[in-house]
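Each residue of the sequence shown is one higher than the last, beginning at 2 in the numbering used here. Ideal placement from N, C-alpha and C gives every residue a C-beta, glycine not left out. Note that the coordinates shown come from a computational prediction; the quantities given were computed from them, not determined experimentally. These notes concern the structure reproduced below.
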Amino acid sequence: MTVRFTLSAGVFALGALTSACSSRRAAETLLLGDHFVLAKGIAYGGNEHNRLDVYRPRDDRRRSPVVVFLYGGRWQSGSKEEYRLVGNALTRRGIVVIVPDYRMYPGALFPAWVDDAAQAVRWSVDNAHRFNGDTARIFVVGHSAGAHTAALLALDEKYLRSAGVAAHVLRGVVSMAGPVDTNWTDPDVQALMGPREGWPMTYPASHIDGTEQPILFLHGASDETVAQINSSRLAARIRERGGCARSVSYAGVGHVELVVALALPWLRRAPVMDDIESFIHDPKRAGGCE
């Protein structure tokens with residue numbers, strides 16, 4: 002991966018609102034409604050980076066499914082504040098959204114961010130009910146580097162177990178444009194993944210056993226940052242072992258456009274939001290198990 006993604010920058014890159022707005026804040030003011038309540042900067046661990054934001058649908062009369070959203074940034078950049086549009090979009094579908102910050106390189110090496118993500122899931126299990134979230138319906142959705150982390154949470158049980166929760170506490174995982182079936186070739190990524198002898202443990206495919214919860218892989222067919230074959234190949238490996246996985250490819254959609262399609266579904270770039278919502282409502286069916 003060679004591009005750092007900022008959601009608002011992606012919006013402007015697509016030309017949406019460039020004539021109407023001169024800043025990210027102005028754009029978000031136009032795009033965000035009053036349909037959610039935002040709780041910001043909640044600690045979920047002891048590190049200074051262990052903070053999360055919670056987006057709660059304002060008119061939720063029943064317990065809502067919960068999405069823990071893991072953003073990308075080559076394991077080196079990004080922040081939860083950049084993903085308000087994702088929280089906005091998912092809460093419009095009646096979903097509680099939790100967006101954690103996490104440790105990054107060079108301040109940390111693998112598996113620090115995976116450990117942090119597992120702790121964020123643990124916090125969600127313990128606390129989502131305070132925001133009317135259904136703790137029996139917790140999902141992880143990750144984009145790019147965050148999708149790699151999400152895949153490891155799904156496939157390697159040790160992270161969630163170490164955080165003090167059952168391996169199958171997640172109802173399902175969505176991997177969006179993740180480098181989930183590749184070798185590390187870029188020097189900076191090699192450095193942050195730690196000693197070479199430990200790299201096999203960083204590869205999600207090393208941990209497939211066929212008992213995983215359903216995983217939905219979403220990828221843009223025109224992604225020039227992370228090749229689409231990452232998603233289709235790992236999904237195939239999981240199915241070969243008897244697991245539940247489905248891969249969806251969107252024609253004409255690139256790396257940035259994939260998450261923009263989630264955050265701004267009305268642009269009609271791709272039915273990413275609809276596919277994720279279907280998966281949340283019926284992960285086995287939408288995940289290819291039935």
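Mind checking residue i: buried by the 16 CB within 10 Å criterion, or exposed?
| i | result |
| --- | --- |
| Lys81 | buried |
| Pro180 | buried |
| His220 | buried |
| Ala264 | buried |
| Asp276 | buried |
| Asn89 | buried |
| Pro284 | buried |
| Ala271 | buried |
| Gly11 | Residue confidence for Gly11 is low, a pLDDT of 48 falling below 50, so the modelled location carries little weight and cannot support an answer. |
| Thr92 | buried |
| Thr212 | exposed |
| Ile281 | buried |
| Asp210 | exposed |
| Gly288 | buried |
| Gly199 | exposed |
| Asp102 | buried |
| Arg138 | buried |
| Leu86 | buried |
| Arg52 | buried |
| Gly34 | exposed |
| Leu161 | buried |
| Met274 | buried |
| Asp341 | Here the chain covers residues 2 to 291 and nothing more, so residue 341 does not appear. |
| Leu268 | exposed |
| Met2 | Residue placement at Met2 is poorly supported in this model, since its pLDDT is 42, which falls under 50; the coordinates still yield a value, given next. With 16 or more other Cβ atoms within 10 Å, it is buried. |
| Pro196 | exposed |
Since residue i and residue j should fall inside the 8 Å C-beta cutoff, what is the C-beta to C-beta distance between them, to a whole number of angstroms?
| i | j | result |
| --- | --- | --- |
| Phe218 | Ser207 | Rounded, the Cβ-Cβ distance is 17 Å, inconsistent with contact. |
| Leu154 | Val126 | Actually they do not touch by this definition, with Cβ atoms about 13 Å apart. |
| Leu71 | Ala113 | About 13 Å separates the two Cβ atoms, so there is no contact after all. |
| Leu193 | Phe132 | Going by Cβ atoms, the distance from Leu193 to Phe132 rounds to 33 Å, so no, they are not a contact pair. |
| Ala262 | Ser248 | The pair is not a contact, with the Cβ atoms about 16 Å apart (cut-off 8 Å). |
| Ala168 | Glu158 | 4 Å |
| Leu320 | Ala178 | Within the shown structure, residues of the chain are numbered from 2 to 291, placing residue 320 beyond reach of any answer. |
| His50 | Arg94 | The Cβ separation is near 28 Å, so there is no contact. |
| Val173 | Ile239 | Note that residue 173 is Gly in the sequence shown here, rather than Val. Between Ile239 and Gly173 the Cβ distance is about 13 Å, and since that is not below 8 Å, they are no contact. |
| Lys41 | Asp54 | 5 Å |
Using only alpha-carbon positions, find the residue among the options that is nearest to residue i.
| i | options | result |
| --- | --- | --- |
| Arg75 | Val87, Ser145, Gly95 and Arg63 | Ser145 |
| Ser163 | Ala246, Asp116 and Ile239 | Asp116 |
| Asn48 | Gly108, Arg85, Ala40 and Ile99 | Gly108 |
| Phe37 | Arg57, Thr183, Ile96 and Ile43 | Arg57 |
| Cys290 | Pro66, Tyr204 and Arg242 | Arg242 |
| Gln120 | Asn184, Val100 and Gln191 | Val100 |
| Val152 | Pro188, Thr203 and Val98 | According to the sequence provided, residue 152 is Ala. The question's Val does not apply to it. Among Pro188, Thr203 and Val98, the Cα nearest to that of Ala152 belongs to Thr203. |
| Thr226 | Ile239, Pro201 and His256 | His256 |
| Arg64 | Val98, Gly165 and Trp124 | Val98 |
Name the two residues that bound the continuous alpha helix (DSSP H) containing residue i.
| i | result |
| --- | --- |
| Ala252 | Run containing Ala252: none; DSSP gives neither H nor E here. |
| Asp276 | Val273 to His282 |
| Val190 | Pro188 to Leu193 |
| Leu219 | Unbroken run through Leu219 is the beta strand (DSSP E), Ile216 to Gly221; no alpha helix (DSSP H). |
| Tyr106 | Where Tyr106 is concerned, there is no enclosing alpha helix (DSSP H), given that its DSSP letter is neither H nor E. |
| Asn128 | Ala113 to Asn128 |
| Tyr160 | Lys159 to Ser163 |
Tell me where the beta strand (DSSP E) around residue i begins and ends.
| i | result |
| --- | --- |
| Leu39 | Phe37 to Ala44 |
| Leu268 | First-last for Leu268: undefined, no H or E at that position. |
| Ile209 | Taken as a continuous stretch (DSSP letters only), Ile209 belongs to no beta strand (DSSP E), as it is neither H nor E. |
| Ser1 | This structure cannot settle anything about residue 1, because the visible part of the chain is limited to 2 through 291. |
| Val98 | Val97 to Pro101 |
| Arg1 | In this structure the chain extends from 2 to 291, so residue 1 is not present and cannot be described. |
| Gly143 | Gly134 to His144 |
| Ser65 | Ser65 to Leu71 |
For residue i, decide whether its Cβ has a neighbour in chain B, counting only Cβ atoms nearer than 8 Å.
| i | result |
| --- | --- |
| Arg123 | As a matter of chain content, chain B is missing from the structure shown, which is built from one protein chain. |
With a threshold of 7 Å, establish whether the CB of residue i neighbours any heavy atom of the ligand NAD.
| i | result |
| --- | --- |
| Tyr72 | Only the bare structure without any ligand can be found here, which leaves the ligand NAD out of the picture. |
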